[in-house]
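Heads up, the thing below is written out as structure tokens.
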Amino acid sequence: MIVDTLAIVGTGLIGGSFSLALKQAGAVHTVLGVGRSPARLTVARELGLIDRAVDWAGVGQADCILLALPVGETEAVLKNLAPHLKAGAIVTDAGSTKANVVAAARAALGARAADFVPGHPIAGSEQSGPGAARADLYQGKKVVLTPQADTRADALATVRALWEAAGAQVEMLDAVQHDRVFAAVSHLPHLAAYTLVDELAQRADGGTFFRYAASGFRDFTRIAGSAPEMWRDIALANREAVLAELDAYVAALQSLRQAVAGEDADALLKLFSRARNARENWMKKQDS
Numbered sequence: 001m002i003v004d005t006l007a008i009v010g011t012g013l014i015g016g017s018f019s020l021a022l023k024q025a026g027a028v029h030t031v032l033g034v035g036r037s038p039a040r041l042t043v044a045r046e047l048g049l050i051d052r053a054v055d056w057a058g059v060g061q062a063d064c065i066l067l068a069l070p071v072g073e074t075e076a077v078l079k080n081l082a083p084h085l086k087a088g089a090i091v092t093d094a095g096s097t098k099a100n101v102v103a104a105a106r107a108a109l110g111a112r113a114a115d116f117v118p119g120h121p122i123a124g125s126e127q128s129g130p131g132a133a134r135a136d137l138y139q140g141k142k143v144v145l146t147p148q149a150d151t152r153a154d155a156l157a158t159v160r161a162l163w164e165a166a167g168a169q170v171e172m173l174d175a176v177q178h179d180r181v182f183a184a185v186s187h188l189p190h191l192a193a194y195t196l197v198d199e200l201a202q203r204a205d206g207g208t209f210f211r212y213a214a215s216g217f218r219d220f221t222r223i224a225g226s227a228p229e230m231w232r233d234i235a236l237a238n239r240e241a242v243l244a245e246l247d248a249y250v251a252a253l254q255s256l257r258q259a260v261a262g263e264d265a266d267a268l269l270k271l272f273s274r275a276r277n278a279r280e281n282w283m284k285k286q287d288s
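The working numbering applies: residue 1 is where the sequence shown begins, and numbers increase by one.
And the structure:
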């Protein structure tokens with residue numbers, strides 16, 4: 001057992017899967033649930049994701065608290081938690097952006113920001129809610145932690161141990177570097193998928209396009225089925241890095257357009273070949 005009592009703020013896919021994995025591993029004794037919807041908390045309890053639902057004061061019983069919620073809510077939630085944290089309690093999160101979350105923790109927790117361990121599991125699904133949770137979600141997946149200079153060493157070690165007990169491979173990154181990297185490899189792909197689906201849907205004859213869309217369209221746009229609220233918050237929270245990646249992508253698309261317009265077969269073949277080779281190399285590393 002790593003911690004006796006764990007609290008999950010947001011008992012959906014991410015938080016619920018974390019709880020299930022740790023329960024299965026015997027790494028926690030009791031899991032408390034906090035959320036905005038009593039109905040969802042009831043479902044989470046019925047599915048075994050949590051042992052009981054509590055209010056903010058009840059979170060004071062927890063040795064470790066995971067925030068699994070849209071990043072835009074982080075500061076407000078931490079302010080609600082702060083008066084109730086017991087001595088030595090650890091707080092961590094699962095948000096997809098980190099620099100803004102670190103700033104929120106400092107603003108809300110003050111001196112106790114040293115008890116906060118910023119984290120980001122690189123796992124998920126377009127599905128959401130307690131019913132989507134599964135114990136194997138993090139098996140073999142990366143989790144990035146972005147500790148600060150003043151983060152308590154034992155808090156970091158505990159959070160690392162919890163993620164490893166859930167089956168994850170833990171790595172460390174600087175918070176700003178994290179946000180630059182994930183703006184390119186996660187945030188931009190989601191924005192591109194949402195935008196393509198929306199652009200087609202807004203056409204007067206959009207229904208015809210969707211009628212003939214098949215596996216390629218499905219695969220490319222799968223992530224547009226993710227929670228809109230979450231991705232709204234991510235786009236705004238990581239605004240500068242996302243804008244830089246959007247600009248780079250627009251420039252690349254403009255070069256592609258010029259090659260198509262100019263019937264430049266060599267340029268198209270070089271681009272497609274470079275991309276295929278880069279993806280194949282990446283896939284080989286994923287499988288190794």
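Note that beta-carbon positions come from the ideal geometry of N, C-alpha and C, so glycine has one too.
{"Query": "For glycine 140, the three-state DSSP class (helix, strand or coil)", "Result": "coil"}
{"Query": "Host beta strand (DSSP E) of alanine 7 (start-end)", "Result": "3-9"}
{"Query": "Residue from Asp205, Asp179, Gly225 and Pro228 whose Cα sits closest to the Cα of leucine 243", "Result": "Asp179"}
{"Query": "Alpha helix (DSSP H) segment containing glutamate 171, residue limits", "Result": "Unbroken run through glutamate 171 is the beta strand (DSSP E), 169-172; no alpha helix (DSSP H)."}
{"Query": "Which of helix, strand or coil DSSP assigns to arginine 52", "Result": "strand"}
{"Query": "Backbone secondary structure at aspartate 179 - three-state DSSP", "Result": "helix"}
{"Query": "Valine 102 beta carbon less than 8 Å from that of alanine 175", "Result": "yes"}
{"Query": "Near the ligand ATP: proline 83 beta-carbon under 7 Å from a heavy atom", "Result": "This structure does not include the ligand ATP; it has no bound ligands of any sort."}
{"Query": "7 Å CB neighbourhood of alanine 224 in its chain, flanking five on each side removed", "Result": "Ala193, Tyr194 and Val197"}
{"Query": "Which residues DSSP lists as bridging leucine 32, in chain order", "Result": "Ala7 and Arg52"}
{"Query": "Closest by C-alpha distance to isoleucine 2, when choosing among Ile14, Thr11 and His29", "Result": "His29"}
{"Query": "Identity of the residue in Leu271, Ala248 and Gly15 nearest glycine 119 by Cα", "Result": "Gly15"}
{"Query": "Local conformation of glycine 225 per DSSP, three classes", "Result": "helix"}
{"Query": "Valine 9 versus Lys142, Ile50 and Gly207, residue with shortest Cα-Cα distance", "Result": "Ile50"}
{"Query": "Neighbour-count burial assignment, leucine 145, 16 or more Cβ in a 10 Å radius", "Result": "buried"}
{"Query": "Candidates Val143, Gly58 and Asp150, of which the one nearest leucine 162 by Cα", "Result": "Val143"}
{"Query": "Length-filtered (3 minimum) beta strand (DSSP E) runs lying within the stretch 92-146", "Result": "119-121 and 142-145"}
{"Query": "N- and C-terminal bounds of the alpha helix (DSSP H) containing leucine 243", "Result": "239-261"}
{"Query": "Threonine 74 classed as buried or exposed, judged by whether at least 16 other C-beta atoms fall within 10 angstroms", "Result": "buried"}
{"Query": "Distance, alanine 62 Cα to isoleucine 90 Cα", "Result": "9 Å"}
{"Query": "Beta-carbon spacing of alanine 94, leucine 137 below 8 Å", "Result": "no"}
{"Query": "Bridge partner(s) assigned by DSSP for leucine 67", "Result": "Val9 and Asp93"}
{"Query": "Glycine 35 classed as buried or exposed, judged by whether at least 16 other C-beta atoms fall within 10 angstroms", "Result": "buried"}
{"Query": "Three CB pairs or more closer than 8 Å across the stretch 243-256 and the stretch 71-86", "Result": "no"}
{"Query": "N-terminal and C-terminal residue of the alpha helix (DSSP H) that valine 159 is part of", "Result": "153-165"}
{"Query": "For arginine 203, three-class secondary structure by DSSP", "Result": "coil"}
{"Query": "Backbone CA spacing between glycine 129 and serine 17 [nearest angstrom]", "Result": "10 Å"}
{"Query": "Delimiting residues of the alpha helix (DSSP H) encompassing proline 38", "Result": "38-46"}
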